[in-house]
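Trainee:
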Amino acid sequence: MREDRSSPGLGEGDASGGSDVRLTLPARPENVAVVRHVLGAFAEALQLPDPVIEDMRLAVTEACTNVVRHAYADGEPGPVEILIRPEGDTLLVVVSDQGRGLGPGTSSTGPGLGLPLIAALSHSFEIEQVPDNGARLRMSFRRGPHLELA
Amino acid sequence: MTTDPPAPGEAMTTVSIVAGPLVGPVLRRVVGMLAARADLPLDRLDDAVLVADLIAARAPAHVAGSRVDVALEPGARSLSLRVGPLREGGGQALIVDAAVPGVGNVIEQLADELTVSPEEAGEFLLVRLAYAATAA
Chain A
1401 MREDRSSPGL
1411 GEGDASGGSD
1421 VRLTLPARPE
1431 NVAVVRHVLG
1441 AFAEALQLPD
1451 PVIEDMRLAV
1461 TEACTNVVRH
1471 AYADGEPGPV
1481 EILIRPEGDT
1491 LLVVVSDQGR
1501 GLGPGTSSTG
1511 PGLGLPLIAA
1521 LSHSFEIEQV
1531 PDNGARLRMS
1541 FRRGPHLELA
Chain B
11 MTTDPPAPGE
21 AMTTVSIVAG
31 PLVGPVLRRV
41 VGMLAARADL
51 PLDRLDDAVL
61 VADLIAARAP
71 AHVAGSRVDV
81 ALEPGARSLS
91 LRVGPLREGG
101 GQALIVDAAV
111 PGVGNVIEQL
121 ADELTVSPEE
131 AGEFLLVRLA
141 YAATAA
C-alpha cells in the first residue's frame, strides 16, 4: 500500500478530546457521495433533526463539489479533506483542499450558486484562503431545528 | 459505478475518528461504499462491512492514541484497509479480539490477506478483501 501523502489541512488542531470525524478522499466526483454517506451516519448517531441533516448534506455537497471542480488543475490529483465536529449546540464542518482554493475558477460554467447556497443553509460560514496551499471552508449548523421568525 | 484504482500521487482515502460511538457507523459506510465501487460482489461487500464493524468494535482498545485511523485503498475487485497506528502488540490483539465464540476468528476467515506491520509510528493491521481469491 502506498504511503499516505495527504496531510491534514483542516487547521482545527488535534481534537482528541472531542468526537470528530476526519475524512480525506481523492477529489473525485464519486467521492462526494461518500462524504454525504458519512454525514448521514454522523447525523444519525447524533440524532439530528431531518431538516438539519438535509441542510448540512446540501451545503457540504456544494463545498465538496467546488473542490472537485475548481481546486485542482485538470488531471492533477489532490485531496478533499472534511472535518465534522460537534461544538456545543452547533455542528462544525470544515472542507479544505490543497489546490487553488474553493472559489469559482475561470473554468466555471455554472451559475455560481454554490457559495450563496452554503451561506443560506448554514448558521455561519467563512472561507480561509491558505497561500499556496488551498482553502478552508468552515460551516456551522445549529443542531436543533432552525426556527424562522415571522 | 466503479472506481479506478488511485492514480500515482493521488491522495489515499483515510478516515480518522475519535474512539467512540461514531467509529462503527462512519467506518461501515465508507467501507461499504468503497467496496461497492471496487466492484466486489454482494457477498464480499457484506464481508467487507462485517470486517469494518469488527474493526470499529475492537480497534479502540488497541489504538496508539485516542483515534481510530483507517486508510482504504480500492483496487481491481479488491479493497485494502490499513488500521493504525496501534499500540505495540495491538495488531495481533485486534485479530484475536475478532474471534466470535462458535464461529472462530471472523477477520482471519474473511480476509484474503491479513498482516501486522510494525512501523515507526506504531503497528498497522493490513486487511485485504478481494473477489478473485474467493472465486478461485
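Chains A and B are the protein sequences, given in the same order.
Quick note: the first sequence uses my numbering, first residue 1401, plus one each step.
Quick note: the second sequence uses my numbering, first residue 11, plus one each step.
Positions of the beta carbon are idealized from the N, C-alpha and C atoms, including for glycine.
Distance check for D1497 (chain A) and A81 (chain B), CA to CA, integer angstroms please.
Mentor: Rounded to whole angstroms, A81 (chain B) to D1497 (chain A) spans 18 Å at the Cα level.
Trainee: How would you write the range of the beta strand (DSSP E) that D1497 (chain A) sits in, first residue to last?
Mentor: Per DSSP, D1497 (chain A) belongs to the beta strand (DSSP E) from 1490-1497.
Trainee: Ordered along the chain, which non-local residues of its own chain (more than five positions away) have a Cβ less than 6 Å from that of R92 (chain B)?
Mentor: Result list for R92 (chain B): A81, F134, L136, in chain order.
Trainee: Can you pull the chain A neighbours of G30 (chain B), defined as C-beta to C-beta under 7 Å?
Mentor: Within 7 Å Cβ-Cβ: S1419.
Trainee: Along the chain, where does the beta strand (DSSP E) that runs through V1438 (chain A) open and close?
Mentor: From DSSP, V1438 (chain A) is part of no beta strand (DSSP E) but of the alpha helix (DSSP H) over 1429-1446.
Trainee: Consult DSSP for G75 (chain B) and reduce its assignment to one of helix, strand or coil.
Mentor: DSSP places G75 (chain B) in coil when its eight states are reduced to three.
Trainee: Grab the span of the beta strand (DSSP E) containing G132 (chain B) for me, first residue to last.
Mentor: Taken as a continuous stretch (DSSP letters only), the beta strand (DSSP E) holding G132 (chain B) covers 132-140.
Trainee: Are the segment 54-70 of chain B and the segment 26-35 of chain B touching, with three or more C-beta to C-beta distances below 8 Å?
Mentor: Yes: at least three Cβ pairs fall under 8 Å.
Trainee: The alpha helix (DSSP H) that contains M1456 (chain A), what's its start and end?
Mentor: Unbroken alpha helix (DSSP H) run through M1456 (chain A): 1450-1466.
Trainee: 9 Å is my cut-off, CB to CB: does N1431 (chain A) come that close to chain B?
Mentor: Yes, N1431 (chain A) counts as interfacial toward chain B.
Trainee: What residue range does the alpha helix (DSSP H) around V106 (chain B) cover?
Mentor: Where V106 (chain B) is concerned, the enclosing alpha helix (DSSP H) stretches over 100-107.
Trainee: If we count the other Cβ atoms within 10 Å of its Cβ and call it buried at 16 or more, is D57 (chain B) buried or exposed?
Mentor: D57 (chain B) comes out buried.
Trainee: Give the residues of chain A in contact with R47 (chain B), contact being defined as C-beta atoms less than 7 Å apart.
Mentor: Going along chain A in sequence order, the residues near R47 (chain B) (Cβ under 7 Å) are E1430.
Trainee: With 9 Å as the threshold, decide whether the Cβ of L135 (chain B) is near any Cβ in chain A.
Mentor: No, no contact with chain A.
Trainee: DSSP three-state call for P51 (chain B): helix, strand or coil?
Mentor: It is coil, neither helix nor strand.
Trainee: Throw me the rounded Cβ distance for the A62 (chain B) and L55 (chain B) pair, which I believe falls under 8 Å.
Mentor: Incorrect: roughly 11 Å between the Cβ atoms, too far for contact.
Trainee: From the DSSP output, in three-state form, read off P111 (chain B) for me.
Mentor: Here P111 (chain B) sits in coil by DSSP.
Trainee: In chain B, which residues lie with their C-beta within 7 Å of the C-beta of G1478 (chain A)?
Mentor: What G1478 (chain A) touches in chain B: A21.
Trainee: On a CA-only basis, which of A:E1481, A:R1485, A:A1463, A:H1437 is nearest A21 (chain B)? Give me that one, please.
Mentor: Of A:E1481, A:R1485, A:A1463, A:H1437, the residue nearest in Cα terms is A:E1481.
Trainee: Expressed to the nearest angstrom, what Euclidean distance is found between the alpha-carbon atoms of T1506 (chain A) and A1471 (chain A)?
Mentor: With a pLDDT of 46 at T1506 (chain A), under the threshold of 50, the modelled position of that residue is not reliable, and the figure given next carries that caveat. Each residue's Cα considered, the two are about 11 Å apart.
Trainee: Report yes if the CB atom of F1541 (chain A) is closer than 9 Å to the CB atom of T1490 (chain A), and no otherwise.
Mentor: The answer is yes: Cβ separation under 9 Å.
Trainee: Taking all protein chains shown into account, do 16 or more other C-beta atoms lie within 10 angstroms of the C-beta of A1535 (chain A), making it buried, or fewer, making it exposed?
Mentor: Under this definition A1535 (chain A) is a buried residue.
Trainee: Over the uninterrupted alpha helix (DSSP H) stretch that includes E118 (chain B), give me the two end residues.
Mentor: 116-120 is the extent of the alpha helix (DSSP H) around E118 (chain B).
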